[in-house]
Amino acid sequence: MIRPDESSSPGEKLRLPQRFTAAAGPDAAQVLRSIGEAAYEWHLDTDKLTWSGNAGEVLGIADMTTLASGRAFAERTEAETDASRFDAVTRSNQRDDGKGVFYQTQYAFKSGTGDEKIRLEDTGRWFAGADGKPGRAHGVVRVITERYEREASLTQSARYDSLTGEFNRGYLFEMLSMTLDEAVRFRESCGFLLVAIDHLEQLNISYGYEVADDVIAQVAKRLRQHMRNGDHMGRFSGNKLGIILKKCSPEEITVAADRFLACIREETFLTNAGAVAVTVSIGGVTAPRHARNAQEIMARAQDALSEVKMRRNGAFAIYHPSVERETLRRESARVTDEVVAALNDRRVALAFEPVVHTKTRDTAFYECLMRVARADGTFVHANEIIPIAERVGLVRMLDRRVLELVVKELVAVPELNASVNVSAASTTDAGWWDGLGALMRAHAGVAERLIIEITETAMIKDIDDTRGFVSRVKDLGCRIAIDDFGAGYTSFQNLRKLGVDIVKIDGAFVHRMASSADDYAFVQTLVDLARRLNLQAVAEWVPDEQTAQILGQLGCDYLQGELIGLASPTHKWQRPAEPDTQASCA
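Converting from the sequence shown to this note's numbering requires adding 940 to each position, the first position being numbered 1.
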């Protein structure tokens, strides 16, 4: 058993802290051994370092005489980011008031002859000599390698992307903010590149996600090989990587982007599925010239990337201010606020436009169009809202609200037939489908009086998905109409596959058909196609009686437009109340 007064150095006695030498207290060496700690005492004037007898076991050192001085011990330590024991004691800015000065630090310790290192936590107190400077220190060390590695792993997860090993988006943002602050402080310029792997979805489909992930990791590795020392990279999103360029002028950012484009384009990537050719598109921005903070830098790099991808893949574009883009953003923000407020305040309303039988001019149904009321009571036309609402993701909320309003009218008026438009985004929106199903189940007899309209351009994007949409709607008992028919040039085969009930011929052709032979021929063809497929045809934008007569001769089933009556919030199907004759006589 090791006694408290034993030392690894012959003839030396280790003076343990007073708590270890109390007569009634436990055996100090035994306690230290049981908890894996070793005690030491260090005399700074002679640099003599003495240890408790279990120190060799704790530190993994066979011959503790090799650590008999502070210098010898320091040669085996590596402070990394923390202060060494020497720094903690000699560079302390505190004063000893007679009770000693507490210190605690962590550092790496080379325990063997190789490169193997352990992490130590060193806790102690130093005591001042006659001159007031540190003269003696004592304390304990313990091995915290496992804890250190666990904490390092957590730090790694919090800061780094597991696939590429580069910064994750959060830490990339932090580093970008720090780089911008440094550039502003020293009146320099920095750059940011947003690198997008082109057609990554096609790689997923063709080779599988494992190969696509491998490509992302390899692209990051190759970009890293062509980066300057001191620059940073992180994963911005699924197929996008961000590169921070320090001390980079607008001219240098273009040179860097061309270098990155070339290094990816000129050599294939070897994967489990074989060699894969990849290109990237890059958007860049210089700061602080064109961005005042990290959020603006990322947003404007995204703007530049979107711009280059609209032109062609595999190229680079740098951000330049655009009056049109900023105006669009302000308008998007305004409309977003207006729509959200209108939804919250229940200021979304309906306007009703009649659709009549061509021969009798009796009303067949009403198309229900959305109107949004402003706080002052005036209305915003749907054409001002829908494009922006689609772009910012609000259109699905509007579609759900309009559907609720239309069904409410159908429930209130049993003789009413109505149609309602649905955006392409809502056709795959679970919330919209849940709402439609719940409303149809809750109100018997409504489904057969409801027509769901979707534009032809939206339908032809994915015929198989559209067939599924049509089937689900018809399973609920509703009818389906293709709006703006003719704008998307749906093929005969696809139209037959879809199984819709009604086609609404695009008014742009109907409006001029009385004076344009080309438009007349086109409308004639569409009406004939509808009749051959046993579909009902509606002509939109009918301007006058002459056009209505021509459509009747062609066999068009229904008319809609200025001649019949434009959309109005008035409930035209409601007749004025009969006068009370008794009251009049009175």
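A virtual CB, placed ideally from N, CA and C, is assigned to each residue, including glycine. Remember, predicted model here, so these are calculated numbers, not experimental data.
Residues that DSSP places opposite residue i in a beta bridge
i, result
"Trp1066", "Val1041, Ala1077"
"Pro1294", "Tyr1306"
"Arg1125", "For Arg1125, which the question treats as bridged, DSSP gives no partner whatsoever."
"Ile1184", "Phe1132, His1172"
"Tyr980", "Trp991, Gly1079"
"Gln1046", "Glu1061"
"Ser1272", "Looking at the DSSP assignment, Ser1272 forms no beta bridge with any residue, so it has no partner."
"Glu1393", "Asn1361, Ala1421"
"Val1216", "Phe1209"
"Tyr1498", "His1297, Val1478"
"Ser1508", "Phe1292"
"Phe1107", "Tyr1100, Gly1174"
"Val1312", "Val1288, Val1320"
Local Cβ density within 10 Å of residue i, reported as buried at 16 or more and exposed below that
i, result
"Met1173", "buried"
"Leu1339", "Just to set this straight, residue 1339 is Asp in the shown sequence, not Leu. Buried: at least 16 other Cβ atoms inside 10 Å."
"Tyr1306", "buried"
"Ile1193", "buried"
"Asp1166", "For clarity, residue 1166 is His in the given sequence; the question names Asp instead. Classification for His1166: exposed."
"Asn1361", "buried"
"Asp1424", "buried"
"His1451", "buried"
"Thr961", "At Thr961, the pLDDT of 48 sits below 50, so the modelled position is not reliable; the number obtained from the coordinates is stated separately. Thr961 should be labelled exposed."
"Ala963", "Its pLDDT being 48, under 50, Ala963 is placed unreliably in this model, and the value from its coordinates should be taken loosely. By the neighbour-count rule (16 or more Cβ atoms within 10 Å), Ala963 is not buried but exposed."
"Pro1261", "exposed"
"Ala1202", "exposed"
"Phe1126", "exposed"
"Asp1062", "buried"
"Thr1395", "buried"
"Val1280", "exposed"
"Val1041", "buried"
Residue i, DSSP secondary structure in three states
i, result
"Ala963", "With a pLDDT of only 48 at Ala963, under the threshold of 50, the placement of this residue in the model should not be trusted; the figure read from the coordinates follows. Three-state DSSP puts Ala963 in coil, outside helix and strand."
"Arg1031", "coil"
"Thr1368", "helix"
"Phe1209", "strand"
"Cys1203", "helix"
"Thr1318", "coil"
"Lys1444", "strand"
"Cys1414", "The sequence shown places Lys at residue 1414, rather than the Cys named in the question. DSSP places Lys1414 in helix when its eight states are reduced to three."
"Ala1227", "strand"
"Thr1406", "helix"
"Ala1289", "strand"
"Ser1097", "helix"
"Ala1008", "coil"
"Ile1137", "strand"
"Glu1355", "coil"
"Ile1145", "helix"
"Ser1572", "This structure cannot speak to residue 1572, because the chain is shown only from 941 to 1526."
"Ile975", "helix"
"Glu1018", "strand"
"Ser1221", "strand"
"Thr1487", "helix"
"Arg1232", "coil"
"Gly996", "helix"
"Arg1452", "coil"
"Phe1344", "It is Glu, not Phe, that sits at residue 1344 in the sequence shown. If DSSP states are grouped into helix, strand and coil, Glu1344 belongs with the helices."
"Thr1119", "helix"
"Asp985", "coil"
"Glu1278", "helix"
"Met1380", "helix"
"Asn1179", "coil"
"Val1527", "Nothing can be reported for residue 1527: it is not among the residues displayed for the chain, which extend from 941 to 1526."
Closer than 6 Å: residue i CB and nearest the ligand MN heavy atom
i, result
"Arg1331", "Ligands are entirely absent from the displayed structure, and the ligand MN is therefore not among its contents."
*the region 1343-1358 / the region 1316-1324 touching (three or more Cβ pairs under 8 Å)*: no
_Whole runs of the alpha helix (DSSP H) within the region 1234-1265, excluding any shorter than 4 residues_ = 1234-1251
*asked:* Check whether the region 1102-1118 and the region 1231-1249 touch, using three or more Cβ-Cβ pairs below 8 Å as the test.
replied: yes
*Touching or not, the region 1040-1047 and the region 973-993, by the rule of three or more beta carbon pairs under 8 Å?*
no
_Three or more C-beta pairs below 8 Å linking the region 1146-1156 and the region 1070-1079_ = no
*asked:* For the structure I just gave you, are there three or more beta carbon pairs, one from the region 1378-1387 and one from the region 1332-1348, closer than 8 Å?
replied: yes
_At least three beta-carbon pairs within less than 8 Å, the region 1076-1092 to the region 974-989_ = yes
*Given 8 Å, three or more beta-carbon pairs between the region 1128-1147 and the region 1177-1187*: yes
*Any chance the region 1452-1463 sits against the region 1435-1443, with 3 or more Cβ pairs inside 8 Å?*
no
_Tell me whether the region 1278-1290 and the region 1326-1339 touch, counting them as touching only if at least three CB pairs, one residue from each stretch, are closer than 8 Å._
yes
*Check whether the region 1474-1483 touches the region 1267-1280, taking contact to mean three or more Cβ pairs, one atom from each stretch, closer than 8 Å.*
no
*Inter-stretch contact at 8 Å, needing at least 3 Cβ pairs: the region 1221-1228 / the region 1249-1258*: yes
*Would you check if there are 3 or more beta carbon pairs closer than 8 Å linking the region 1199-1218 to the region 1086-1097?*
no
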